[in-house]
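Numbering (our numbering), first residue to last: 18 to 537.
Yeah, the Cβ is synthetic: ideal placement off N, Cα and C, and Gly gets one too.
Computed from a predicted structure; not experimentally measured.
Listed below in structure tokens is the structure:
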């Protein structure tokens, strides 16, 4: 620094050839100062948070936009039907001090063995509700969604330049608006993103021990973690013929964390739960999220674009087995079951970023002066989104038959001894709304728990077109139905509205309630 001062203080002195680099460095330093950018001696990683706020970069603005999206997704009103049963189960855990081991909700499988594999999520949801109310659950979801978008942005770093990073992140975040709902699967998605970050050497792999323990006790998708690490390690070895130390270290710590997941209230049964699901494949036939994509929903179209781009990138620019193996395995998993699209999209994020590396020249670390007011305006939008989101409604229960259920309760048709046949998602809502001490449900979306004959009966009743009225009569008689609460615009809804075996006692624009014709 003293040499630079000497040059400035003695302008009359000629600059010799060996002093040219120093003079050029001085000019470059001054030019960057005028542009409000840090000198080359202060790389991006060396900047403290105060410097980043004082001199925000283009990337900083984009990160804030991602945070904004995460806040909007996480603070959305609660309405997912699976979440409702998870919350109801968390309430039971807090009330009884234990995790249910048998079905407490239904009259078709009451007392049947039930593995509450997402007990950890139920505790989180119910704990947040008990602490600050339903808004607490939305805050938990927002934190998880923001953490996920930040990790996903970090996973785009192999692209290096800004344009491909924005493209890769934009695709998966657009998918997230339809996939990152208030389910334990959201926590599983964050766990998988952290696993991928460790595989990219962006996270100390020892963090995978607590990550995998939590994942095992929160959601049954945890085998995806060690599975993808194994594929990445095998691909790296094929490519380089040297031990893939980064992937192997991550795999070792992830395996340890998974094994330790057996240390918990449910013990080792959680580790074999995913295998039990595979053995009940027949039970999931007819469940939309377990079927192949129909390729007409927005989420599915964005995933198709991501998959196509990745395949093209592998063929044209990034012919590496480390990318090929996960793409083939997770691509096949996703195209055969919609449920796996979320996991595949996360795995594909760093692979696509690497495949598009170097496209364009725009550098996201640039810090032009004009970016500062944009950064501040975006930060204000984040704050406003959080404030207005928290002030909004906690739930959005329009999909559920609130008026019909209220009428039935008032007229003594929806109680503990009543056997009301209704949709699976309505069953989830009844469990949340009334609990197992007031209402017993016919069916809900815990398909892995119900006996196969109950699943087959519900599937027959739930046919949108082509239902057999004689089969309806047989099933409703077999289950001893005291009432039917069903959507009007369906075969079963139209049947009970016209049949002389049933009489309609309540109906609105969407729902119909029918009682047996001979009942009072």
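May I have a chain-ordered list of the beta strand (DSSP E) segments no shorter than 3 residues that lie completely inside the segment 424-465? 437-439
On the three-state DSSP scale, how would you describe residue 130? strand
Go ahead and pull the three-state DSSP assignment for residue 261. coil
Could you pull out every residue in the same chain whose Cβ sits closer than 7 Å to the Cβ of residue 527, ignoring the five residues on either side in sequence? 504, 505
CB of residue 92 within 8 Å of CB of residue 161, strictly: no
Reduced DSSP category for residue 95 - H, G, I as helix; E, B as strand; rest coil: strand
Based on the DSSP secondary-structure assignment, which residues constitute the bridge partners of residue 172? Answer is none; residue 172 lacks a bridge partner.
Run the CB neighbour count on residue 312, radius 10 Å, all protein chains shown included, and call it buried at 16 or more, exposed below. exposed
Supposed contact pair residue 277 and residue 224 - C-beta distance, whole angstroms, cut 8 Å: 13 Å between Cβ atoms; not a contact.
Let me know the alpha helix (DSSP H) ranges lying completely inside the segment 281-349, each 4 residues or longer, listed in chain order. 286-296, 315-333
Tell me the DSSP bridge mates of residue 224? Note: residue 224 sits in no beta bridge, so no partner.
Secondary structure of residue 181, DSSP reduced to three states: helix
Are residue 372 and residue 340 touching if we call contact CB-CB under 8 Å? yes
For residue 260 and residue 368, I'd like the C-alpha separation in whole angstroms. 20 Å
Taking DSSP as the reference, what is the three-state secondary structure of residue 197? coil
Expressed to the nearest angstrom, what Euclidean distance is found between the alpha-carbon atoms of residue 536 and residue 492? 18 Å
Beta carbon of residue 156 nearer than 8 Å to that of residue 204: no
Taking just the CA atoms, how far does residue 401 sit from residue 394? 11 Å
Continuous alpha helix (DSSP H) assignments of at least 4 residues falling wholly in the segment 338-407: 338-353, 358-372
Under the three-state reduction of DSSP, which class applies to residue 78: helix, strand or coil? helix
According to DSSP, is residue 243 helix, strand or coil? helix
Would you mind sorting residue 494 into buried or exposed? The rule is 16 or more other CB atoms within 10 Å of its CB. exposed
Let's test the definition: count the other Cβ atoms within 10 Å of the Cβ of residue 57 and tell me whether it reaches 16, buried, or not, exposed. The predicted model places residue 57 with a pLDDT of 43, which falls under 50 and marks its position as unreliable, so this point remains unresolved.
Less than 7 Å between C-beta atoms, sequence neighbours within five positions excluded: which residues of the same chain meet that for residue 304? 464
Local Cβ density within 10 Å of residue 460, reported as buried at 16 or more and exposed below that: buried
When burial is assigned at 16 or more other CB atoms within 10 Å of the CB, is residue 428 buried or exposed? exposed
If you measure between the beta carbons of residue 85 and residue 206, is that distance less than 8 Å? no
Using the Cβ count rule (16 or more neighbours within 10 Å means buried), how would you classify residue 293? exposed
Do you know whose CA, among 194, 153, 167, 120, lies nearest residue 208's CA? 167
Rounded distance between the beta-carbons of residue 172 and residue 370, thought under 8 Å: 7 Å
Decide if residue 120 is buried, meaning its Cβ has at least 16 other Cβ atoms within 10 Å, or exposed. buried
With C-beta atoms as the reference, is residue 275 less than 8 Å away from residue 239? yes
Does the beta-carbon of residue 466 have 16 or more other beta-carbons within 10 angstroms, so that it is buried, or is it exposed? buried
Three-way DSSP call (helix, strand, coil) for residue 499 in this model: coil
CA-CA distance, residue 153 and residue 220? 29 Å
Three-state secondary structure assigned by DSSP to residue 113: helix
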